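Student: Structure below; questions to follow.
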Amino acid sequence: MQTACQAVQHQRGRRQYNKLRNLLKDARHDCILFANEFQQCCYLPRERGESMEKWQTRSIYNAAVWYYHHCQDKMPIVMVTEDEEAVQQYGSETEGVFVISFKNYLDNFWPDLKAAHELCDSILQSRRERENESQESHGKEYPEHLPLEVLEAGIKSGRYIQGILNVNKHRAQIEAFVRLQGASSKDSDLVSDILIHGMKARNRSIHGDVVVVELLPKNEWKGRTVALCENDCDDKASGESTSEPMPTGRVVGILQKNWRDYVVTFPSKEEVQSQGKNAQKILVTPWDYRIPKIRISTQQAEALQDFRVVVRIDSWESTSVYPNGHFVRVLGRIGDLEGEIATILVENSISVIPFSEAQMCEMPVNTPENPWKVSREEEQKRKDLRKSHLVFSIDPKGCEDVDDTLSIRTLNNGNLELGVHIADVTHFVAPNSYIDIEARTRATTYYLADRRYDMLPSILSADLCSLLGGVDRYAVSVMWELDKTSYEIKEVWYGRTIIRSAYKLFYEAAQELLDGNFSVVDDIPEFKDLDEKSRQAKLEELVWAIGKLTDIARHVRAKRDGCGALELEGVEVRVQLDDKKNIHDLIPKQPLEVHETVAECMILANHWVAKKIWESFPHQALLRQHPPPHQEFFSELRECAKAKGFFIDTRSNKTLADSLDNANDPHDPIVNRLLRSMATQAMSNALYFSTGSCAEEEFHHYGLALDKYTHFTSPIRRYSDIVVHRLLMAAISKDKKMEIKGNLFSNKDLEELCRHINNRNRAAQHSQKQSTELFQCMYFKDKDPATEERCISDGVIYSIRTNGVLVFIPRFGIKGAAYLKNKDGLVISSGPDSRSAWKPGSLQRFQNKITSTTTDGESVTFHLFDHVTVRISVQASRCHSDTIRLEIISNKPYKIPNTELIHQSSPLLKSELVKEVTKSMEEAQLAQEVKVNIIQEEYQEYCQTKGRSLYTLLEEIRDLALLDVSNTYGI
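Position 334 (the sequence shown) corresponds to 377 in the numbering used here; numbering is contiguous.
This is the structure:
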């Protein structure tokens, strides 16, 4: 009811109200909002002296009674409330209208929903504890937050600053930063973030909250810590070196609490005993270092101490050191692969429930008995390219979701026609249908190290919207007429087409054909059943097409290079899985030329579609912007390059690109790779936006050097592309003076949608990075660093800190900290054989080097870009994710033993490790099922993997490594 919604806004704030409204709008929940205050028989005026809460309760009850009579007294109505007075007053007033508490509602109507009952009990217990605590506590741990009207007035006057709290995960107890937001960022003279030092100054705000900050006097400003540190929970700020003092403040209020589900670990038996006798109140430790410990009430602490558990925060009173929360559900055992993956998903708010029956009912059918085919109606509407164009795809091996194909041909006038043909997903996904709402909610396909979670059902993503070879498919095409010699664009055509891809090539095969090695033809299925003459003719046609596409791509790329396009370390990596959910392949980190050929064609299509939809809908087009980075973020890059004698000019993308191209050390190619990686780290991510929400000069894409850009080429796995396809179709209809079918998003709605998609993209990047790190740790966890040769590797120093260095390990793609001073205060020393040892002494840091000097006069210096020998081990953690630990064991480069030469010669793909892990798990599960009967109750309750622990399984994997893809950079 309208009054119930407004009660939420009045009592719980705007964020909870918006959350409720979004749930009501979601067609999957089948909810109707009844505007009872605008219905003549339901409206009740508020009486003099009546509180808002009493009037709202009376209005809701009155509307419930009216609705019961409206249904001719045949449909009982249930009004759920936690107001005991209302239950007493109205509970038996009208027969057929039940006024009961939520606990009674569950008991009477849903007695078998065990999980819901447990959750309800947990919330009620938490509420009782909170009420008791507020009655008992008198001393305040934190200052009270200022009222909303005071905060808003202070922001307006400039006294207070608004921004988002970002906690430093390496110093979660000490350092947090507030990045300016909204009006604050435009009106303030501040150019940097604001430091919030210590938990008291943070004043109960949690990572991600929108907070209001008051700046402290300049004499109280502090600097950020520049020393390396582990993720320690203890307050260890004293005595550590800091940077120059920066604007420092304290939180005076919270505008928006962005609380979510948190994965936590219960204390061990010993820790529970140390917490005291009152074992019902337990301090649980969140998996995310940035979140403080949470106090929850439960009697299951001992039973749950080996499990990852989801909790929610209910409140954080000024009288309490820690926030109060309640138990929600169990995820899985600590260390179990499925439990750890579930943790990553929850921590990134990724929901992976199967597609519902209602959603699947909207899907087309394609079975051997009832095969899908092109309809006559669509044949009349679309341009048919099946006989006139040589269309083919180039993708990784085993790719299922082929969403793009290419074509090239010579026209009658001698010019060329280049075509990019993208799967027509919007033909099958109607606006606001169940599947459209689900795809919008997911926003993207989530790729983890060993699996993926699709945005769309497989009937679309792997079948009817996958442009496979030899089958008819609907596409949306962009085709350009190019000058035969200069390749300048003469004309462009957009529209819906029917295509039949002639070849489904994989990258390596296409590259071989481009290089003139035709023996690869035997690996291309489409050539197998042809006679020699046909085979030769078709081969010549295909080789000409790939060669011509590559020529055009070189020309297009050169044009963008001239405007300052950047080639950065850490390109987007697409993971392809096979039927058994194993990773089948990854696009290699150092691409073949055909990778660039395909990428340039896609960038060209995205650019031209961006121009088209913006011209047609200047205030409601979805584009993608990449703002220029702040110059101060490049300071480390400039200093590092200077150490090698290179000058990096960062004034524009053009000067940066040219500088990076020139910063090549002929003796060490890793240097350029690291400099490009640093340039990537200095930049912000590209973001989707609505053109009505910012000025045209802000549309520019810095990394690609294009004035307008969008995403059009992957509608199978990105919802942004679905929106862009609909905009393009509407633009074509507009050109033809036809009626625009389907409502387009207004600027305001599109802006909100872009925020959601950007948020989900960040979640996808984080989850992919975290799952990769999980497998990295699993690989190294069972190896003895002291004896296992594969744990010793060559590393390159790429950053100097006060107590250590940051090291990059090319073989595994790992970056991490290596300490030169340990927790006991000993420093690293180097003996005559260059082997390292810990001895008493001191460290002296310079701009491009750090020197360790022992008390007996020995000294060793580490310079930027020095190669050192590193031992890799795993820092295990019960409450958090395991982490890779690096230790410098020699100040000389690692010499590869002959036995290892074959392994060290080239970095291994992540796919090889994951395949072996998955295969070993499957074999172990089969063996285990033969030997023992799994305890079904535990499996059903916790969804445990039926197999040996990964600790045992990974003993079998000795010859594999993992290529890190953690530097994914979403251009």
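Note that the Cβ used here is the ideal one computed from N, Cα and C, for glycine as well. All values reported here derive from a predicted model rather than from experimental measurement.
Which stretch, first to last residue, makes up the beta strand (DSSP E) that contains Thr448?
Tutor: 447-453
Student: What residue does the beta strand (DSSP E) around Leu863 start on, and which one ends it?
Tutor: No beta strand (DSSP E) holds Leu863; DSSP gives it neither H nor E.
Student: Let me know if Pro329 comes out buried or exposed under the rule of 16 or more other beta-carbons within 10 Å of its beta-carbon.
Tutor: buried
Student: From what residue to what residue does the alpha helix (DSSP H) around Tyr148 run?
Tutor: 145-152
Student: Reducing DSSP to helix, strand and coil, say where Lys533 ends up.
Tutor: strand
Student: What's the C-alpha gap between Lys777 and Leu771?
Tutor: 10 Å
Student: Answer yes or no: do Gln663 and Leu556 have a C-beta to C-beta separation smaller than 7 Å?
Tutor: no
Student: Looking at the secondary structure, which residues open and close the alpha helix (DSSP H) in which Ile103 lies?
Tutor: DSSP places Ile103 inside the alpha helix (DSSP H), whose first and last residues are 95-113.
Student: Excluding five sequence neighbours on each side, which residues of the same chain lie with their C-beta closer than 7 Å to the C-beta of Phe549?
Tutor: The beta carbon of Phe549 is closer than 7 Å to those of Asp438, Pro439, Lys440 in its chain, skipping five residues each way along the sequence.
Student: Roughly how many whole angstroms lie between the Cα atoms of Asp126 and Leu298?
Tutor: 27 Å
Student: Report all residues from its chain with a CB closer than 6 Å to the CB of Arg333; omit the five preceding and five following residues, and keep chain order.
Tutor: Val210, Lys212, Ala215, His250
Student: Under the three-state reduction of DSSP, which class applies to Lys324: helix, strand or coil?
Tutor: strand
Student: Please name the residue, chosen from Ile478, Pro672, Gly688, that lies closest to Arg71 on a Cα-to-Cα basis.
Tutor: Ile478
Student: Just the Cα atoms here: how many angstroms apart are Met44 and Ile384?
Tutor: 39 Å
Student: Grouping DSSP H, G and I as helix and E and B as strand, with all else coil, what is Ala729?
Tutor: coil
Student: Per DSSP, what kind of secondary structure is Glu901 in: helix, strand or coil?
Tutor: coil
Student: Tell me the residue span of the beta strand (DSSP E) that contains Glu880.
Tutor: The question names Glu, yet the displayed sequence has Ala at residue 880. 879-888 is the extent of the beta strand (DSSP E) around Ala880.
Student: What are the boundary residues of the beta strand (DSSP E) that Val221 is part of?
Tutor: 218-223 is the extent of the beta strand (DSSP E) around Val221.
Student: Quick one: what does DSSP say Ile396 is sitting in, helix, strand or coil?
Tutor: coil
Student: Measuring straight from C-alpha to C-alpha, what distance separates Gln918 and Lys581?
Tutor: 56 Å
Student: In or out: Leu747 buried (at least 16 other Cβ within 10 Å) or exposed?
Tutor: Burial state of Leu747 is buried, judged by a 10 Å Cβ sphere holding 16 or more other Cβ atoms.
Student: Rank Thr137, Glu138, Glu575, Lys146 by C-alpha distance to the C-alpha of Val123 and give the top, closest one.
Tutor: Considering only alpha carbons, the answer is Lys146.
Student: Counting only the same chain and skipping the five closest in sequence on each side, list residues whose C-beta sits under 7 Å from that of Thr942.
Tutor: Only weak support is given to the placement of Thr942: the predicted model assigns it a pLDDT of 45, under 50, and the value that follows is read from those uncertain coordinates. If we look at Thr942 and ignore the five residues flanking it on each side, it has no Cβ neighbours.
Student: If I measure Cβ to Cβ from Glu187 and keep anything under 6 Å in the same chain, skipping five residues before and after, which residues do I get?
Tutor: Ser361
Student: Of all the options Ala78, Gly590, His768, which has the alpha carbon lying nearest to the alpha carbon of Trp651?
Tutor: His768
Student: Report the three-state DSSP secondary structure of Asn61 (helix, strand or coil).
Tutor: helix
Student: If I follow the unbroken alpha helix (DSSP H) through Gln811, where does it start and stop?
Tutor: 790-824
Student: In chain order, what residues of the same chain have a beta carbon less than 6 Å from the beta carbon of Ala244, not counting five sequence neighbours either side?
Tutor: Excluding positions up to five away in sequence, the list reads Arg293.
Student: With DSSP as the reference, please indicate the residues paired to Phe77 in a beta bridge.
Tutor: None, per the DSSP bridge assignment.
Student: Going by beta-carbon coordinates alone, are Ile356 and Trp302 separated by less than 7 Å?
Tutor: yes
Student: Among Glu658, Leu433, Glu639, Val408, which one has its Cα closest to the Cα of Phe471?
Tutor: Closest in C-alpha terms to Phe471, from the list Glu658, Leu433, Glu639, Val408, comes Val408.
Student: Could you spell out the range, first to last residue, of the beta strand (DSSP E) harbouring Asp750?
Tutor: Segment: none, Asp750 is in no beta strand (DSSP E) and carries neither H nor E.
Student: By DSSP, does Pro329 sit in helix, in strand, or in coil?
Tutor: Three-state result, Pro329: strand.
Student: Identify which residue in Gln668, Ser885, Leu491 has its Cα closest to the Cα of Asn801.
Tutor: Gln668
Student: If we call anything under 7 Å between Cβ atoms a contact, is Trp434 one with Ser544?
Tutor: Just to set this straight, residue 434 is Val in the shown sequence, not Trp. Yes, the Cβ-Cβ distance between Val434 and Ser544 is below 7 Å.
Student: Comparing C-alpha positions only, which one of Tyr104, Trp153, Pro154 sits nearest to Glu138?
Tutor: Comparing C-alpha distances from Glu138 to each of Tyr104, Trp153, Pro154 shows the shortest one belongs to Tyr104.
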